[in-house]
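Using numbering that gives the first Met the number 0, the letters of the sequence shown map in sequence onto residues 0 to 202.
We put the CB at the ideal spot given by N, CA and C, even for glycine.
Please read the structure below before turning to the comments.
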Amino acid sequence: MCSPFQNENPVSSNEEENSETASAEFSAGDTEGLTYENKFIGLGCRLDSNWSFYSDEQIKELNNIATDLAGEEYEKALENADLVYDMYAINSNQTDSINVILEKVSSLQLAALDIAENFETIFPTIKQSLENMGYTNVTYEIGSIRIDDKEFANLNTVAEINGIKMYQSTIAVKCGGYLANIAVTTFNDNLTASIFDKFYVVK
């Protein structure tokens, strides 16, 4: 499921303490074994054997980049994109997933961006998008998630499709000229908090 932040005009959090964790220069994350880490975002996660990451080729396909592109050309293509899929992980149950998407945001917008308020503002768009996909009973709640010593506002969305409940928890991190959106989605049971427990702050 796409990140709820895929909009042209993100509305305006003073979550500067979280953005300080991130590196100032854009860089894609790395996956090794069952660990993903992105110093640009300032976050990583360690998954168990029930999970698998998309390969580099699959990520390139998500980003509409030729799979044979590599090196500086590939890095340039990512830097030129307004929206970058950085990581996608899928559980062996084929329903639970994690995705990390980076969206370019102007420096002025980013400086004024209040993430919790942004969640509130864009939820009607998210609701409409989900309903267009066949979801019903779409509700939300704004909460917070702590990862190590950092606290993040998060958007908790609940919806239903074919009698099955979908739970999605999303956080956002301001980094460089981007807003990084991390979304965890589970079905049937709300396991989003336990999955976010697998995340850590990159020191």
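Exercise. So, helix, strand or coil for threonine 185, using DSSP?
Worked result: The residue you call residue 185 lines up with position 186 of the sequence shown. Three-state result, threonine 185: strand.
Exercise. How many Å lie between threonine 209 and serine 193 at the Cα?
Worked result: Summary: the structure shown does not reach residue 209, with the chain confined to residues 0 through 202, and so no result is reported for it.
For this session: For the alpha helix (DSSP H) holding glutamate 78, just list the boundary residues, first then last.
Result: Along the sequence shown, read from residue 1 onward, the residue named residue 78 stands at position 79. That run of the alpha helix (DSSP H) goes 70-79.
For this session: Would you give the residue range spanned by the beta strand (DSSP E) that lysine 173 belongs to?
Result: If you number the sequence shown from 1, residue 173 lands on position 174. For lysine 173, the enclosing beta strand (DSSP E) stretches over residues 163-174.
Problem set entry | Cβ shell of glutamate 159 (< 6 Å), same chain only, five flanking positions each side left out | Along the sequence shown, read from residue 1 onward, the residue named residue 159 stands at position 160. Thr135, Asn136, listed in sequence order.
Exercise. Excluding sequence positions up to five away, which residues of its chain have a Cβ less than 8 Å from the Cβ of aspartate 29?
Worked result: In the sequence shown, residue 29 corresponds to position 30, counting from 1. Cβ neighbours of aspartate 29 beyond the five flanking positions: Tyr35, Glu36, Asn37.
For this session: Starting from the Cα of glutamate 130, find the closest Cα among Leu101, Thr120, Met165, Gly142 and give me that residue.
Result: The residue labelled residue 130 in the question sits at position 131 within the sequence shown. Comparing Cα positions, the closest option is Met165.
For this session: Closer than 8 Å by C-beta to methionine 132: which residues in its own chain qualify, once you throw out the five before and the five after it? Chain order, please.
Result: On the sequence shown, position 133 is the one that residue 132 refers to. Cβ neighbours of methionine 132 beyond the five flanking positions: Ile160.
Exercise. Considering only residues of the same chain and omitting the five flanking positions on each side of aspartate 188, which have a CB-CB separation below 6 Å?
Worked result: Start at 1 with the first residue of the sequence shown, and residue 188 comes out as number 189. Counting only residues of its own chain and dropping the five nearest sequence neighbours on each side, aspartate 188 has no CB closer than 6 Å to any other CB.
Problem set entry | Span separating the alpha-carbon of asparagine 98 from that of cysteine 44 | Numbered from 1 along the sequence shown, position 99 holds the residue referred to as residue 98. Numbered from 1 along the sequence shown, position 45 holds the residue referred to as residue 44. If you draw a straight line from the Cα of asparagine 98 to the Cα of cysteine 44, it comes to about 11 Å.
For this session: Would you mind listing the alpha helix (DSSP H) stretches within the segment 107-168 that are 4+ residues and don't spill past its ends, in chain order?
Result: Runs found: 114-131.
Exercise. What residues in its chain sit with their C-beta under 6 Å from that of glutamate 150, if we drop five residues either side in the sequence?
Worked result: For the purposes of this step, residue 150 is taken as residue 151 along the sequence shown, with counting starting at 1. Within the same chain, glutamate 150 has close Cβ partners Ser143.
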